[in-house]
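In our numbering, the protein residues as written are 164 to 342.
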């Protein structure tokens, strides 16, 4: 069977050409749009960080990395079925091994994406709106989430894994045993 040309009538019966109907996806992909949104938000929040020195930004980043332990909404939602990379991270967190640094990079790569990062940015913005975190912390989070490799995603993943294993208290202070 011959391939339909762009200017032929669409087989869906709409009477329109294939290029204007079912044959072409127009606009950016959902992932591309999410990345654009993250980059736009990072550019919007970057001026908040301009007065700070590199040392001050490092201190702010250290403070921000601890936020997922205190705020459950900033923890990554873990999948029900753990891929091997997450199992390796789980084993590293469970046994307190030095393998956690390598394991978190591999685990983050399996679940990371622009939609996850947008969710974390929205949750951080909500916390800032309710005065639970300051504007500088929100700016650091958003700028970090727009980077190719995000330290905040890794910190969020480690916190969520530790809470799921009972190795770290939940934000309310409860220590939950792993099931």
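Note that beta-carbon positions come from the ideal geometry of N, C-alpha and C, so glycine has one too.
Rounded to whole angstroms, residue 177 and residue 191 show a C-alpha spacing of 24 angstroms. As computed with DSSP, residue 180 is found in a beta bridge with 172. Counted as a single uninterrupted DSSP element, the stretch harbouring residue 309 is not any alpha helix (DSSP H), since DSSP gives it neither H nor E. Two segments are said to touch when three or more pairs of C-beta atoms, one from each, lie closer than 8 angstroms; by this definition the stretch 252 to 269 does not touch the stretch 278 to 295.
Residue 280 has its alpha-carbon roughly 6 angstroms from the corresponding atom of residue 308. The stretch 299 to 319 makes contact with the stretch 207 to 223, as at least three CB pairs between them are under 8 angstroms.
Closest by C-alpha distance to residue 229, out of 328, 254 and 321, is 321.
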